[in-house]
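For the protein sequence lines, the chains are A, B and C, in the order given.
Okay, so the first sequence: first residue is 5 according to the numbering used here, each after it adds one.
Okay, so the second sequence: first residue is 10 according to the numbering used here, each after it adds one.
Okay, so the third sequence: first residue is 1061 according to the numbering used here, each after it adds one.
A virtual CB, placed ideally from N, CA and C, is assigned to each residue, including glycine.
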Amino acid sequence: MLKVTALSFDYEDIPLLNQVSFTVAPGQLLHVRGNNGVGKTTLLKLLAGLLQANTGHIFWGEQFIQHGLAAYQQNLCYLGHKPGLSALLTIRENYRCSWYEQDKIENFDNFLHQFDLIKSADKPCGQLSLGQRRRASLLRLLMTNAKLWLLDEPFTSLDKEAIALMMKKIRDHLKEQGMVIMTSHQDLANTHFKIKEYCL
Amino acid sequence: MWRFLYQLAVPKNFYYQTQSILTALGFGALLFLLVGIGLGLFWAPPDYQQGDAFRIIYVHVPAAFLSLTLYTAMGFLAVLLLIWRIKLAGLMLTVVAQLGASMAFLALVTGSIWGKPMWGTWWIWDARLTSELILFLLYLAILATECAFEDPLKAEKVIAILTLVGLIDLPIIHYSVYWWNTLHQGATLSLFAKPKIASVMFYPLLVTLIGFSLFCVWVVLHQTRTALLLRERRQRWVLELVSGEKG
Amino acid sequence: MSLMRIFVKQVRREWLLQVREPRSVLFSALFFAMVIVFFPLTISPNPVLLRQLAPGVFWIALLLALLMASERLFQEDFNDGVIEQWLVSGIPVCSLVLAKLAVHSVLNLLPILMLSIILAALFDLSLFERLVVMVSFILATPAILFLAALSAAFCTSMQQKGVLIALILLPLVIPVMIFGSGALNAAMQQLPVMGYFAILLALSILAIAFLPFAIAQIIRISLTD
């Protein structure tokens, strides 16, 4: 259960977010909407603990996240604009040398198949196409047991099949009582699960 | 007293409460400086060894002393910012850094001027001067880092960390420079080695020291207040203050 | 996952990264060689003078080489978003930083050590003096590199950072330089060197113990844009 109350944030002395409040319950997806530059990415970064708000609080359960940031962050998976993968290492090496649980690593080839990356698994990430790199970074979601997914425009550079696959993964996650907060310019109106919308 | 200090950390209180002491501080500083320099230039007798050239200690010693004290003050402010998250401390950090850098520069220049009639060169690798030079470089590094960040809040936290690292390193630097100097200079007695200073020469020094210190506090308070107004310019009390003065 | 396992995995990652593109390590080693070779060429090939200058030349070359290597310490990881993932993982960043710097210390040091044995001949250093150079390099490199990493962490998200890194690093690294070159000076004058080694080791241990926390804090503050 994530609760945000009266969050305000100034970006370099210019007010950006003002009194943002919402809650997200397990099994819910929150779609943050707004025009470019209105602060969607900043909001996600605040939720991920990358930035600190000027005023307002973010609660995870009953706990204020700043009072136990590391513990809170272990419950979330953040996907920003940057891929989060070293360009010089292959996909396999990137994930093997990261801090994921052993059982997930053993299942890695299965995940690669699902995302249609099995053929490019041994190429350095710098040589992949944009779409492949995006899919490779989305693999992270499968590798963690995180309850909260923070996705910043996850569908960029993806083709229709990949988008459909992502939606399926999100649906499965929500079914297991996970939470998703995402920003996207896409219209998610006609999907089969509950969506809350928040306009900045 | 703690409650008073804690309240002082609130920007609005700080602004109004320092207003009253500012004029007194300014005049006090001016008084002490004039008296001290007057005594130093005219009243204290010429040194038997250095003649009239020693009189520059009335500027050099306070400047050097303050450059070090201000750095320690910065360390204190850095701790206030990082641990107690007092935003005012962050604001003062830049102000004190600029003043400290100026003091260090003044100490170097006056030390250099002192050296010319003594050894005939503008610079000598004396342990104390070299230490002062390194302190000046440390100040420059802090100021340069502060300029390099666009977000002032980020900049403050970053230079706070740099100040603390420098503060811990400073005794090590000091010790190693002294050691290096004794190793390479051998047995020559440094002209800056302090022999017992006559009380006639010491009292003007004390007066200028106090004068310089008051001056520094005055400058810091003044600049902090201005920076505070700028930082809090969207708050209601600032708008009232500005429009009140205009109206 | 235990901290030790995370540390080991990070070491593996850094090792793979450096080995995949050995250019930066080679460049800093070449820079080291260049500086050392240029000194006699620009000052004077007088052997007596060169022996006197050797400590300064070697240590300045080491400092500049490590300074060059540190510019790229966090840059690529920052560009690729890897550091962003560090900051949201809930894992203590200082252990990741420590792993990275451990690998960099070793990989940057090895070619420099090999070069310094050879280049010591240019300055007419005896075998014992060469040994002193090597040991003092090994003891001092962690201190210099960790301080350089601290300076680099301040400047990663900026353009033209070389100057700022040097400016921040210079005052902080002076003790290491003084005692490092002092060791070689002492060896040349047949004085005991163990004291210098002890101090260099102490400085390195201090750096390894405390600087990763400072670096992690700076990364947290300055690398979230």
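CB contact below 8 Å: Leu162/A versus chain C
Stepping through the first sequence from its first residue, residue 162/A is reached at position 158. Not flagged as an interface residue toward chain C: Leu162/A, since no C-beta distance is shorter than 8 Å.
Any residues in the region 158 to 169 of chain B with a beta carbon nearer than 7 Å to a beta carbon of chain A? Which ones, in chain order?
Glu159 and Asp160: these are the residues of the region 158 to 169 of chain B whose beta carbon lies less than 7 Å from some beta carbon of chain A, given in chain order.
For Met127/B, is the beta carbon positioned less than 7 Å from some heavy atom of the ligand SAH?
For the structure depicted, the ligand SAH is absent and the ligand set is empty, with no information on it obtainable.
If I follow the unbroken alpha helix (DSSP H) through Arg137/B, where does it start and stop?
Numbered from its first residue, the second sequence carries residue 137/B at position 128. Ala136 to Ala157 is the extent of the alpha helix (DSSP H) around Arg137/B.
For Trp153/A, name the three-state secondary structure that DSSP assigns.
Position 149 of the first sequence holds residue 153/A. Look at Trp153/A here: in three-state DSSP terms it is strand.
State the Cα-Cα distance for the pair Ala116/B and Ala110/B, rounded to the nearest angstrom.
On the second sequence, residue 116/B is found 107 positions in, with the first residue counted as 1. On the second sequence, residue 110/B is found 101 positions in, with the first residue counted as 1. Ala116/B and Ala110/B: Cα-Cα distance of roughly 10 Å.
So Ala1180/C and Val1193/C are in contact, right, with Cβ under 8 Å, and what is the actual spacing, rounded?
In the third sequence, the residue the question calls residue 1180/C occupies position 120. In the third sequence, the residue the question calls residue 1193/C occupies position 133. Beta-carbon to beta-carbon, Ala1180/C and Val1193/C are separated by about 6 Å, close enough to satisfy the 8 Å threshold.
Determine, using beta carbons only, whether Leu83/A and Leu134/A come nearer to each other than 8 Å.
On the first sequence, position 79 is the one that residue 83/A refers to. On the first sequence, position 130 is the one that residue 134/A refers to. With contacts defined by Cβ atoms closer than 8 Å, Leu83/A and Leu134/A do not form a contacting pair.
Spell out the partners DSSP gives Gly60/B in its beta bridges.
Taking the first residue of the second sequence as 1, we reach residue 60/B at position 51. Gly60/B is bridged to Asp56/B.
To the nearest angstrom, how far is it from the Cα of Ser1155/C to the Cα of Arg1065/C?
As a working note, residue 1155/C is residue 95 in the third sequence. As a working note, residue 1065/C is residue 5 in the third sequence. Using only the alpha carbons, I get a separation of about 11 Å.
What did DSSP end up calling Ser199/B once you bin it into helix, strand or coil?
As a working note, residue 199/B is residue 190 in the second sequence. Residue placement at Ser199/B is poorly supported in this model, since its pLDDT is 45, which falls under 50; the coordinates are not used for a value here.
Since Trp64/A sits in a beta bridge, which residues does DSSP pair it with?
Taking the first residue of the first sequence as 1, we reach residue 64/A at position 60. Leu6/A and Gln67/A, per the DSSP bridge assignment.
Within 10 angstroms of its Cβ, does Leu198/B collect 16 or more other Cβ (buried), or is it exposed?
As a working note, residue 198/B is residue 189 in the second sequence. Residue confidence for Leu198/B is low, a pLDDT of 43 falling below 50, so the modelled location carries little weight and cannot support an answer.
So what does DSSP say about Pro1152/C, is it helix, strand or coil?
The count along the third sequence starts at 1 and reaches residue 1152/C at position 92. Correct three-state label for Pro1152/C: coil.
Return the first residue and the last residue of the beta strand (DSSP E) that Leu34/A is part of.
One-based indexing of the first sequence puts residue 34/A at position 30. Leu34/A -> beta strand (DSSP E) spans Leu33 to Arg37.
Please report the Cβ distance between Leu1210/C and Gln1078/C, rounded to the nearest whole angstrom; I am assuming they are in contact, meaning their Cβ atoms lie under 8 Å.
On the third sequence, residue 1210/C is found 150 positions in, with the first residue counted as 1. On the third sequence, residue 1078/C is found 18 positions in, with the first residue counted as 1. Not a contact, Cβ separation roughly 20 Å.
Any beta-carbon of chain C closer than 8 Å to the one on Lys86/A?
Counting from one through the first sequence, the residue named residue 86/A turns up at place 82. Chain C contact via Cβ: present.
Touch test, the region 82 to 90 of chain B against the region 165 to 181 of chain B, Cβ-Cβ under 8 Å, three pairs minimum
With the cut-off at 8 Å, the region 82 to 90 of chain B and the region 165 to 181 of chain B touch.
Neighbourhood of Ala1247/C by C-beta distance below 6 Å, restricted to the same chain and skipping five residues each side
The residue labelled residue 1247/C in the question sits at position 187 within the third sequence. Same-chain partners within the cutoff: Glu1189, Val1192 and Val1253.
May I have the straight-line CA-CA distance separating Trp131/B from Val1097/C, to the nearest angstrom?
Numbered from 1 along the second sequence, position 122 holds the residue referred to as residue 131/B. Numbered from 1 along the third sequence, position 37 holds the residue referred to as residue 1097/C. The C-alpha of Trp131/B lies about 32 Å from the C-alpha of Val1097/C.
List, in chain order, every chain C residue whose beta-carbon is nearer than 8 Å to that of Glu16/A.
Stepping through the first sequence from its first residue, residue 16/A is reached at position 12. For Glu16/A, no chain C residue has a Cβ inside 8 Å of its Cβ, as the nearest lies near 11 Å away.
Are at least three pairs of beta-carbons, each pair with one atom in the region 1211 to 1218 of chain C and one in the region 1273 to 1285 of chain C, less than 8 Å apart?
Output reads yes: the region 1273 to 1285 of chain C touches the region 1211 to 1218 of chain C.
Out of Ile167/A, Gln181/A, Glu165/A and His61/A, which has the shortest C-alpha to C-alpha gap to Lys151/A?
Reading the first sequence from its first residue, position 147 is the one you call residue 151/A. Per the Cα distances, Gln181/A.
Between the beta-carbon of Ser1217/C and the beta-carbon of Leu1260/C, is there less than 8 Å?
For the purposes of this step, residue 1217/C is identified with residue 157 of the third sequence, where counting begins at 1. For the purposes of this step, residue 1260/C is identified with residue 200 of the third sequence, where counting begins at 1. No, they are not a contact pair.
Mind checking if Ser199/B is an interface residue toward chain C, Cβ cutoff 8 Å exclusive?
Taking the first residue of the second sequence as 1, we reach residue 199/B at position 190. Reliability fails at Ser199/B, whose pLDDT of 45 lies under 50, so the model's placement of it is uncertain and the value that follows must be treated cautiously. With 8 Å as the cut-off, Ser199/B does not count as an interface residue toward chain C.
What does Leu1274/C reach in chain B if we use C-beta pairs closer than 8 Å?
In the third sequence, counting from the first residue as 1, residue 1274/C sits at position 214. The sequence shown places Ala at residue 1274/C, rather than the Leu named in the question. Ala1274/C reaches chain B at Ile170, Leu173 and Val174, counting residues in chain order whose Cβ is nearer than 8 Å.
Near-chain C residues of the region 101 to 125 of chain A (beta-carbon distance less than 9 Å), N- to C-terminal order:
Cβ contacts with chain C: Cys101, Ser102, Trp103, Tyr104, Glu105 and Gln106.
Could you pull the start and end residues of the beta strand (DSSP E) that Met220/A belongs to?
In this structure chain A extends from 5 to 204, so residue 220/A is not present and cannot be described.
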